[in-house]
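Read through the structure below, which is laid out as structure tokens, and then see the notes.
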Amino acid sequence: MQLSGIRPYGWFGAFLVMLYGIPVWAYQAIHCLLQFQRKPAYKTSSLSMRPVGAAVEHPVGTNPDISNWSHETLLISSSQRIHIVSPKRKPTKQLILFVHGFPECWYSWRHQMEEFKDDYDTVAMDMRGYNLSDIPEGVDSYSLDKLISDIPALVRALGHTSCTLVAHDWGGVVAWLVAAGYPEIVERLVVMAAPHLGLSQTNISIAQALKSWYMIFFQMPYLPELVLQRKDCDFLRMSFRDGPMGVVNKHRITDEDIQIFKNSFKRPGAITAAINYYRALLRHMTIRPISSVWSCMRRRIEVPVLLLWGKRDGALGVELIYNIKEVAPKVETEMLDCSHWVQQDEPDEVNSLMRKFLEKQD
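See below:
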């Protein structure tokens, strides 16, 4: 069944983006010019050159031991390799595939993989353009149709025919559409802090538009890359812990955790790739729609869904998921007292909710 009222914004939408963008771009350009004139008051961490994905020691009780987890790169198409991590592959068990968001990598799922490693074939991926996965060039390499097709291709490359798909932020945006377009691949869906694109189109508010200013900023050429790489990618520290969007439970994100995320952006082109997700999205939502993706956005999701949302999410308002049952009739929604970084901010509660959901469906 198709949902009504979901369609591209078209040229009028692009015009509105331009109107919104002019003051955003002007402010950011002036702000950046003033910042770049100042001498950076920071020291590069001694950990900054640690190989991406390498294990680090953590305070007892904070993080699992990832030193023996396996890393592998799989060819999922003629032009794309995806880096995956697993505590220990169990191909005969059901697959749980974890998909991260911006600006993360596989590591954001460390607590969940540790929790479910004995009962499932737990695998976390680096999305295309992130960390150790291939970084294709060009905005079109990050269009939604390509992001969607990566998931079933990876499931098959892992030796499975289906999976429980667990996703956060950008990974969740993609996961909603995968569940709609490939119902034979997704047995169950767990989404954290990620709206369904079609539903969010009808639920968008002025408050949310203001929160999403960074998406407009990312449409600029070059300048967003300069801003994000400034001060050894210090935006990651502000995003994850020390800024207004940071985790509620500050001890959950250590300096070493932040350094691992920084390392994932060290490769040439990595920052541009992450920003290109947003550039491609805006094109798709306005003047260059992809019919197959819009078809997915209009389909109901018939598989069981667990939706987790942070009450203190500084990036996404809860209004984005109003009427979610219209899209996913079998959805269970849980509101957690945490930030946007749900699975890292409240890992124990997330793991408990996930386990109850999975055991109910088994």
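Per my numbering, the sequence shown starts with residue 415, numbered consecutively. The beta-carbon is built from N, C-alpha and C at its ideal position, and this holds for glycine as well.
Where residue i falls, given that 16 or more other Cβ within 10 Å makes a residue buried
i, result
"Ile-599", "buried"
"Ala-607", "buried"
"Asn-743", "Per the sequence shown, the amino acid found at residue 743 is Pro instead of Asn. That one is exposed."
"Gln-758", "buried"
"Asp-583", "buried"
"Ile-667", "buried"
"Leu-591", "buried"
"Lys-676", "buried"
"Ser-492", "exposed"
"His-514", "buried"
"Gln-442", "buried"
"Asn-690", "buried"
"Ile-715", "buried"
"Thr-487", "exposed"
"Pro-682", "exposed"
"Leu-448", "exposed"
"Lys-774", "exposed"
"Ser-678", "buried"
Cutoff 6 Å; reference residue i; Cβ partners in own chain excluding five residues on either side
i, result
"Phe-512", "Trp-523, Ala-538 and Val-580"
"His-525", "Pro-761"
"Pro-478", "Arg-524 and Glu-528"
"Tyr-596", "Pro-566"
"Arg-713", "Ala-594"
Residue i vs residue j beta-carbon contact at 7 Å
i, j, result
"Met-711", "Gly-586", "no"
"Leu-433", "Ile-496", "no"
"Val-604", "Cys-752", "no"
"Tyr-534", "Ile-510", "yes"
"Thr-747", "Leu-721", "yes"
"Ile-556", "Ala-684", "In the sequence as displayed, the identity of residue 556 is Tyr instead of Ile. The answer is no: Cβ separation not under 7 Å."
"Gly-728", "Met-659", "yes"
"Ala-688", "Pro-550", "no"
"Glu-601", "Ser-576", "yes"
"Val-438", "Trp-708", "no"
"Val-756", "Val-719", "no"
Whole-angstrom C-beta distance between residue j and residue i, which should lie under 8 Å
i, j, result
"Ile-672", "Leu-650", "6 Å"
"Leu-561", "Arg-542", "7 Å"
"Val-717", "Ala-589", "Val-717 to Ala-589, Cβ: 11 Å. No contact."
"Pro-422", "Thr-700", "6 Å"
"Leu-772", "Glu-763", "At roughly 15 Å, the Cβ-Cβ gap does not stay under 8 Å, so Leu-772 and Glu-763 are not in contact."
"Ala-440", "Ile-490", "That pair is no contact at about 41 Å."
"Arg-655", "Lys-664", "6 Å"
Cut-off 7 Å between Cβ atoms - residues of its own chain near residue i, not counting five sequence neighbours on either side
i, result
"Pro-501", "Trp-483, Met-527, Glu-528, Lys-531 and Thr-536"
"Asp-540", "Ile-496, His-497, Cys-519, Trp-520, Leu-546 and Ser-547"
"Pro-609", "Leu-730, Leu-734 and Ile-735"
"His-574", "Leu-509"
"Gly-435", "Ile-630 and Gln-633"
"Pro-465", "Note on Pro-465: pLDDT 39, under 50, position unreliable in the model; no value is reported."
"Asp-776", "none"
Other residues of its chain near residue i: CB distance less than 8 Å, five sequence neighbours each side excluded
i, result
"Gly-731", "Ser-619, Ala-621, Gln-622 and Lys-625"
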